[in-house]
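Take the sequence shown: its position 284, counted from the start at 1, is 313 in our numbering, and no numbers get skipped.
Where a beta carbon is used, it is the ideal one built from N, C-alpha and C, also for glycine.
Note that the structure is predicted; figures quoted are calculated from it, not measured.
Everything on this sheet refers to the single structure shown next.
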Amino acid sequence: MSDPYPENLSTSPGPIGIFDSGYGGLTILESIRRRLPTFDYLYLGDNARAPYGSRSFELVYEFTRQAVEELFRRGCHLVILACNTASAKALRSIQQNILPELDSSRRVLGVIRPTVERLGELSTTHRIGILATQGTVASHSYSLEVDKLYGGGMTVTEQAAPLWVPIIENGEAESPGADYFIAKYMNRLLEADPGIDTIILGCTHYPILMPKILAHAPHNIRVVPQGDIVAESLADYLVRHPEIAGKCTQGGHIRFLTTENPEKFDSLASIFISSPVHAEKINL
Ligand code: DGL
């Protein structure tokens, strides 16, 4: 066996791992922590290599695999890919190929499936718009999941918003320049299907642009971020899987890891999460 790593994994309970390419997963962490405040969390943002949205399938898979392995090594038994791009491009392969090799008792969950499960109750017209990264849109993960769950009963229109993540990662979410690109992608989506009544923000970064997105959205359209949906789904999962819940420590603590400059992470992260952030730098 070439990799001695599986033997080093601790069997002791550990925090729930939350992974994103950068800051976006903080929007999911915030909701999860509100819903499940007693658990411990270990957040990892791969800021040095963000954005993932325009990267190839192979790279997103490789980066995500490294991050998941790092979180396992740091004691997590359950990891949430709080990133649609990673969920679209890496989740299935990690679940099918990596977990059986490393440790089949650990779990990795994504954000796309729980979101799609809620669409039936969110939309009246059953015409859904998805705003997401280029990678998520190109994977058609949302359309495929919707077809699996609802057959032909729901229409999904997907629109990539490739500049939104760089705008956020560079601290420009509130700048007047952001408005142009908000309008651009929203208009394209609504022109492609004027019957849409529900827009899913299919990238965990996008809620950071919520005030501007709402300012551009027609009043009859519901704009849905994923945080509360994912948090509710996780709470339900932990009830249904006490063997996994029992491996997650409960002290109410959060730690933050970033692959880039921790001071920069602390200052931008504090815009999106209410608790103080003191990130540690790691290399993947
Ligand atoms: N937050 C991520 C997502 O949900 C990824 C954004 C990016 O790195 O491009 O897709």
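Here K310 carries a strand assignment [DSSP, helix/strand/coil].
Setting aside the 5 residues that flank it on each side, M215 is surrounded in the same chain by H245, each with a C-beta closer than 6 Å to its C-beta; the list follows chain order.
Look at R78 here: in three-state DSSP terms it is helix. Around the beta carbon of H234, 16 or more other beta carbons lie within 10 angstroms, which makes this residue buried. Residue H169 holds the alpha-carbon nearest to the alpha-carbon of N113 among A274, A221, H169, P42.
Around the beta carbon of S299, fewer than 16 other beta carbons lie within 10 angstroms, which makes this residue exposed. Those residues that bring their Cβ nearer than 6 Å to a heavy atom of the ligand DGL are D49, S50, G51, G53, A79, P80, Y81, G82, C112, N113, T114, T162, T165, V194, C232, T233, H234.
For Q188, the number of other beta carbons within 10 angstroms of its own is at least 16, and it is reported as buried. Proximity of the region 36 to 48 to the region 103 to 113 meets the contact definition, three or more beta-carbon pairs being nearer than 8 Å.
The alpha carbon of K241 has as its nearest neighbour, out of L218, D208, I283, the alpha carbon of D208.
Distance between V185 and E309, taken at the CA atoms: about 40 Å. Of the residues A212, R284, V268, the one whose Cα lies closest to the Cα of L73 is R284. Using a Cβ distance threshold of 9 Å, L120 and V145 do not count as a contacting pair. G82 places its beta carbon 9 Å or farther from that of C277.
A straight line joining the alpha-carbon of P205 with that of R147 spans about 33 Å. Put simply, of L173, L65, I197 the residue whose alpha carbon is nearest the alpha carbon of Q279 is L65.
C-alpha of T67 to C-alpha of P80: approximately 31 Å in a straight line. Distance from the Cα of A260 is smallest, within the candidate group E59, V89, G158, L151, for E59.
In this structure, the CA atom of S85 is about 17 Å from the CA atom of P195.
Annotated as distal: T93 and A77, with beta-carbon spacing of 9 Å or more. Taking S296 as reference, the option from N199, P247, G281 with the minimal CA-CA separation is N199. When the Cα atoms are used, A117 and P291 turn out to be separated by approximately 27 Å.
In this structure, the straight-line span from the alpha carbon of I127 to that of L71 is close to 20 Å. In the assembly as shown, L219 is a buried residue. Its beta-carbon has 16 or more other beta-carbons within 10 Å.
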